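This report concerns only the one structure given below.
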Amino acid sequence: MASSTIIEACNSRKRNRKPFIFETFAIGDSIDGFSGPFRDNIRMFLQEFATIEDFTLCGFPIWSTWLISNSTGSVFPLYTIEETTQLSLHPFCDHCKLSGWGHHYVSKRRYHLLIPANENWEKPLGSDSFEIGTHVLHGLIHCNGYGHLLSINGVNEDSNLLSGSDFMDLWDRLCTIFKTRKISLNDVSKKGSVHLRLLHGVAYGQSWFGKWGYRFCRGSYGVTEKKYEIAVQFLSSLGLDKILNDFRKDFTERRKIKQIIGTYRELSEVPLITISELLQFMLALKFKAPFHSKMKLANGDDYWCDPDIEEKNRPISMETFVNMMANSDCRWPARRLEFVVIVIVNFLKENQANVGRNCRMTRQDLRNEARKFIGDTGLIDFVLKSIRCFALGSQIVRRSINPTTKLLEFTIHEFAKEEESIRFPFLDMDSDCRWTERKVKQAAEFIVKILRAHNGDGAMSRQELRDKARTTIRDTGLIDYVLKSINKSIMGNKIIFRSKNPSTKRIEFAFEDIVDANRVENIELHMNIDQDLVYLYETVLLSYPGSDSVSLATGVVLDSKRFVKEWKLEDQEHQIMALTCKVLPSFDEIESELTRPLSPGVVVFVPPWITIGELKGVTQFAIRDTYCIMQNFVVTQIGGLRGIEDERMLSCAVGRDAHVWVRGCGLDLDTELRYEGGPIKLKVDCICGARDDDGERMVNCDACQVWFHAMCTGIDDHEDELL
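If you use this note's numbering, the sequence shown corresponds to residues 2 to 724, in order.
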């Protein structure tokens, strides 16, 4: 169907801007009838699901499809612009050239699918809309089914309350129903100073776009897929203990890295061994997603209750405990979780009153009692499995393993029994302290005793606390070290805070109750995930000490920006065959004119009972409709050198999903619109191994006309580009 026919069909319909549901649009069978190749499917989409606009973009027609989000109520347009290549000011495609597709014949049409930035949702598209990179979504697809994702803004961030992942889901659904063949992208996404392709590559073994099936396409500076895979695997397997050992000469950095590792290891339910597992866990916490470690335990419950680990556990408030369960991979709301927790606590209190202070309840006994009030056993099991150590009022609930019976048991104690256990985080972080751990701990415990005695009188100034500590501790350097480090130490349901009084400008220390759930998550865990991620990224990945291997591997990942996704060609139904028909030029044409690799064939969907002669007509129409160079091409033969007889039935001559050679005459070898990469192909022969233009800055040898990377030849960005 020609563009003019589509426009007439759209104009003949009553103008209707009724929006489609964003979350379900283009899912599976929600859109029927898209049973052809891309060039036909996009036309059907415009006719059935889009409305022609009254304005144009650079003279090209624009269709709009309005979408509404059920989750946010946002209403916004998806614009489709049909750009006719022969009328375009920029008929060639740099994106194809940099993706390794510069040898493709120039397609007759390319379609821009575009969602502008939210402040422009009710405005006509500007004349610069093809060039700017601020669109929420911008994709370009040639009518041969190959295309490029040019921009996704708001990646991993909100865009009018809809995330970049939401728009990637939409893009992927559209590409699927349109039956695109390959889509490439240039991954330069960053958050602050962090390149996401490196962060996600180390964490997950793939780029952020890998979640949608995008894989390595091309690297800069001679990087190959094999080099990329080796680099990602090497970086992902870096052990955390090895990292700490390699940073042993830098006291400050090692201390900070050890603090970060220790914090998240304590929070994790499974051991964190490699930097990949650490980054996965941190990103899962950041986005409140379930964390699935590659490390599997024989018994996950036992890990929570290991005696050595339990000694390090500290109670969190019940509110925090409930919130953590609700924010995990959980199907129950917070109010139901809280009800189960209260029921469990009441049974433990009742059992304690009947049996005595040191009573314990097995998991099975507690489960049986809870079932009398709660019918959902799955909910009970989930809460019992999640309990480690939490505080409610003046009491602490713990779970442990009975060393004799090996059964899970639950206990409840007053805080008075817990106050002997004080956790000083700085003891776990600073292994290079000049005092022994025993000496530091004794000094810290004495200072805590002074604070406890002063607790009823409010905050205590640093000088006053220091003076009282000197009555027993003679080493003032040790006192100063403890006072500097004791901030956020926890005892029972209280936490020590070191702060500056805004009035007196003096440093003060105070005990505060742990009561607010949000504050516990952010203060008790004393972590800032964004800052910790940036620190690990800049210190470990970019500035690893004494190891060229790490810096080389990091460079390889950063030089891998081009990724691609391929949609496999499949038959739509038993009665239809999907074929890829590729033109095989004459020997003279290949030798003298068409010197680059052959362009991809065109896709046709045909019934298996047609003859080879009928396939000629279908293929000729598809070829003429797709490529500029084949505007007047005449198909004379199906098959390679010998050809197949016109009378033969298709299903008897070729198989399903086959690649079929097509021969004929009428190639327009005089047209300038031959290759997507343009009429001139640079001769690249860089010392890094690159043989094609990869988009990096290059310089030209004026004598031999060979191009090299400026960086590889040691030429500064501000120097002349001629050698």
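Every residue, glycine too, gets a C-beta built ideally from N, C-alpha and C.
Small disclaimer: the values here were computed from a predicted structure and weren't measured.
- Nearest neighbour of Arg372 by Cα position, chosen from Ile388, Phe348, Ser387, Gln353, turns out to be Phe348.
- For Cys176, the enclosing alpha helix (DSSP H) covers residues 165-179.
- Of all C-beta pairs linking the region 190-208 to the region 31-48, fewer than three are shorter than 8 Å, placing the two stretches out of contact.
- Nearest to Asp173 by C-alpha distance, out of Gly140, Thr225, Leu553, Arg657, is Gly140.
- A Cβ-Cβ separation of about 13 Å leaves Val607 out of contact with Val663 under the 8 Å criterion.
- Assignment of Arg44 by DSSP, reduced to helix, strand and coil, places it in the helix class.
- Between the alpha carbons of Leu171 and Glu120 lies a distance of about 20 Å.
- Annotated three-state conformation of Ala392 is strand, per DSSP.
- For Pro78, the CB contacts under 8 Å within the same chain, skipping 5 residues up- and downstream, are Ser65, Thr66, Trp67, Leu68, Ile116, Pro117, Trp122 in chain order.
- Contiguous alpha helix (DSSP H) elements confined to the region 187-259 occur at 197-205, 226-237, 241-247, taking only those with 4 or more residues.
- For a cut-off of 8 Å, the C-beta gap from Phe374 to Val344 is around 5 Å, short enough to register as a contact.
- Three or more Cβ pairs closer than 8 Å define a contact, and the region 214-230 meets that threshold against the region 546-566.
- Where Asp55 is concerned, the enclosing beta strand (DSSP E) starts and stops at 52-58.
- Taking the CA atoms as reference points, Leu126 sits about 19 Å from Phe168.
- A straight line joining the alpha-carbon of Tyr482 with that of Leu466 spans about 13 Å.
- Phe56 is classed as exposed because its beta carbon has fewer than 16 other beta carbons within 10 Å across all chains shown.
- If you draw a straight line from the Cα of Pro598 to the Cα of Gly101, it is about 11 Å long.
- By the neighbour-count criterion, in which 16 or more other beta carbons inside 10 Å mark a residue as buried, Thr86 falls on the buried side.
- Between Ile388 and the set Phe61, Lys440, Gln353, Glu270, the nearest pair of CA atoms involves Glu270.
- DSSP, reduced to helix, strand and coil, places Thr473 outside both helices and strands of the structure shown, so it counts as coil.
- When the alpha-carbon of Lys228 is set against those of Glu539, Val557, Asp695, Ala444, the nearest one is in Val557.
- Within the DSSP secondary-structure output, Phe498 pairs in a beta bridge with Ala511.
- According to the DSSP assignment, Arg563 belongs to the beta strand (DSSP E) that extends over 563-567.
- Only buried fits Ile639, as 16 or more other CB atoms lie within 10 angstroms of its CB.
- Contact check for Ser587 against Tyr106 fails: the beta carbons are separated by 8 Å or more.
- By the criterion of a C-beta distance shorter than 8 Å, Thr378 is surrounded in its chain by Arg368, Arg372, once the five residues flanking it on both sides are discounted.
- For Thr627, the CB contacts under 7 Å within the same chain, skipping 5 residues up- and downstream, are Arg40, Ser108, Lys109, Cys144, Asn145, Val603 in chain order.
- In the DSSP secondary-structure assignment, Tyr538 is not bridged to any residue.
- Leu651 is a Cβ neighbour of Leu616, given a cutoff of 8 Å.
- Under the three-state reduction of DSSP, Ile32 is assigned to coil, being neither helix nor strand.
- Closest in C-alpha terms to Asp703, from the list Asp695, Lys684, Ile624, Thr177, comes Lys684.
- Residue state for Tyr482 is assigned as helix, using DSSP reduced to three classes.
- Remark: C-beta atoms of Val541 and Ile274 do not approach each other more closely than 8 Å.
- The straight-line gap separating the alpha-carbon atoms of Val233 and Leu580 is approximately 37 Å.
- Scanning Ile474, Ser462, Arg463 for the CA closest to the CA of Lys442 turns up Ile474.
- Proximity to Leu236 across Phe23, His201, Leu150, Asp468 peaks at His201, based on C-alpha coordinates.
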